[in-house]
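Right, one structure below, let's go through it.
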């Protein structure tokens, strides 16, 4: 005989919420064993899921699918066949005649997606720690500043090279010379390509040009001006492909390989599929990391022998990583340094080049934007500027860049955080401690109440006072 207690299952403190006082064995003698087992298993499953639903602390949050409180299957299905943009955007979107726009949606048993500016400020301005999902961005088996989940670890690593990323350093003559020299080479390359291809009527593929330029800049920023890559000099052919092995493996690593494996690495790490099938990573990933490790060891050898060691350490990020010591006088391991540096170079290789590619496309399709830029840059200011500070003279240029960054999704993934102790309230919805919560710039930047006509490229929307915006 089964006896339940208490009457309200939500107050149950033990599992299962019933006791078996006695069992009439004659019933089992009259019933076939498979039937009895099946009935018992079915009852147990129903009771378990009923108990989970009743005790669910997120039961008040709108869901992606009716099964969301019990399983991630609906989330994994849409993410696998589309992407996180589609999964979360469809979860929030209004369906005429059925539901209104939903700013907070539950997309997993313990996971909530936000599409609200107030929620973004709360989560990303509130020192919430990163979710374990970020560990997919580790390299060489070691975490880096981006993949660390703990705020303390992240802050400790950032302090090593934070001075390099200060605005005062980025605006310094040394860094500006690096940037301007590569831009000048880029302009000469494009002018030459236009003249050469004008007779062939072939398109110029700017993606590879921008990737080469950005890699040349980011490696010079990482090491030193004299020790960066020169991939702009290796471009040739109708699509401006590089013959350089390093650029080839980095392109593959951050595009085809990431797209092929990222779902399994980030969404289903508990299955350990990558570790079982390719314990050392796919061959392409091994090639990319092997190439990068060779680059790092070569620069370490230069640091050890150079009479200008102190200046090289001051100029670049890698020099600071190489010479850093903890309170016990111990350095970072080579794998730690390499993981950090590959993340810096890889991020620069992808994000900036994608933004420039998108802006080039939008400006090419917008004659009115081109005319306004020419008016501001060439007529009003003579077509020249010499310092970083001069950029403040060009409000329309700034607006064009901001609008491009709003629409392009260079960081095209969900950025999950963990609700801290005590929980939090977003849009009048309470989220308990430990809930995974996050948003995507792609979603927030397409909210009509913040950005009217969100899919349109309208730089003028940024030409307002900050308070008004």
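In this note's numbering, the protein residues as written are 20 to 488. All residues carry an ideal CB built from backbone N, CA and C; glycine is no exception.
Residue i, DSSP secondary structure in three states
i	result
residue 346	coil
residue 379	helix
residue 146	coil
residue 391	helix
residue 13	With the chain covering 20 to 488 only, the question about residue 13 has no answer from this structure.
residue 251	helix
residue 19	Nothing about residue 19 can be read from this structure; the chain reaches only from 20 to 488.
residue 166	coil
residue 125	strand
residue 457	strand
residue 176	helix
residue 356	helix
residue 158	strand
residue 406	coil
residue 60	helix
residue 91	coil
residue 47	Caution applies to residue 47, whose pLDDT of 47 falls short of 50 and renders its modelled position unreliable; the model cannot decide the point.
residue 364	helix
residue 438	coil
residue 118	strand
residue 271	Here residue 271 scores only 42 on pLDDT, less than 50, and its place in the model is too uncertain to base an answer on.
residue 478	helix
residue 36	Because residue 36 sits at a pLDDT of 48, beneath the cut-off of 50, its placement in the model cannot be relied upon, and the following sentence gives the value as read from the coordinates. Note: residue 36 maps to coil in three-state DSSP.
residue 472	coil
Terminal residues of the alpha helix (DSSP H) in which residue i lies
i	result
residue 401	Element bounds for residue 401: n/a, residue is neither H nor E.
residue 496	Since the displayed the chain opens at 20 and closes at 488, residue 496 lies outside it and no answer follows.
residue 187	186-189
residue 331	328-334
CA nearest to the CA of residue i, picked from the options
i	options	result
residue 379	424, 351 and 172	424
residue 241	120, 349, 367 and 157	367
residue 201	237, 175, 182 and 168	237
residue 194	235, 215, 148 and 160	235
residue 147	175, 361, 323 and 439	439
residue 170	151, 160 and 314	151
residue 480	461, 432, 415 and 222	415
residue 468	135, 140 and 353	135
residue 80	308, 60, 111 and 56	111
residue 183	205, 116 and 243	243
residue 156	109, 323 and 364	364
residue 17	149, 108 and 392	Here the chain covers residues 20 to 488 and nothing more, so residue 17 does not appear.
residue 94	130, 63, 204 and 177	130
residue 377	85, 332, 337 and 419	419
residue 109	124, 447 and 207	124
residue 417	344, 190, 348 and 477	477
residue 340	181, 54 and 154	181
residue 325	347, 245 and 407	245
residue 462	449, 421 and 433	433
residue 346	120, 175 and 141	175
residue 239	312, 331, 179 and 222	331
residue 371	126, 196 and 226	226
Residue span of the beta strand (DSSP E) that contains residue i, given as start and end
i	result
residue 449	448-450
residue 130	130-133
residue 430	First-last for residue 430: undefined, no H or E at that position.
residue 444	443-445
Anticipated Cβ contact below 8 Å, residue i with residue j, distance rounded
i	j	result
residue 442	residue 451	5 Å
residue 88	residue 82	7 Å
residue 457	residue 133	7 Å
residue 373	residue 427	6 Å
residue 446	residue 128	Incorrect: roughly 20 Å between the Cβ atoms, too far for contact.
residue 429	residue 369	7 Å
residue 413	residue 395	6 Å
Check: residue i C-beta below 7 Å from any heavy atom of the ligand PLP
i	result
residue 190	The ligand PLP is absent from the structure shown, which contains no ligands of any kind.
Inset, instruction - Say whether the region 222-235 touches the region 244-254, bearing in mind that this needs 3 or more beta-carbon pairs closer than 8 Å, one atom from each stretch. - result: The region 222-235, when compared against the region 244-254, does touch it at the 8 Å Cβ threshold.
Legend entry - Cβ pair count under 8 Å reaching 3, the region 351-362 against the region 154-171: By the Cβ criterion, the region 351-362 is in contact with the region 154-171, since at least three pairs of Cβ atoms, one from each stretch, lie closer than 8 Å.
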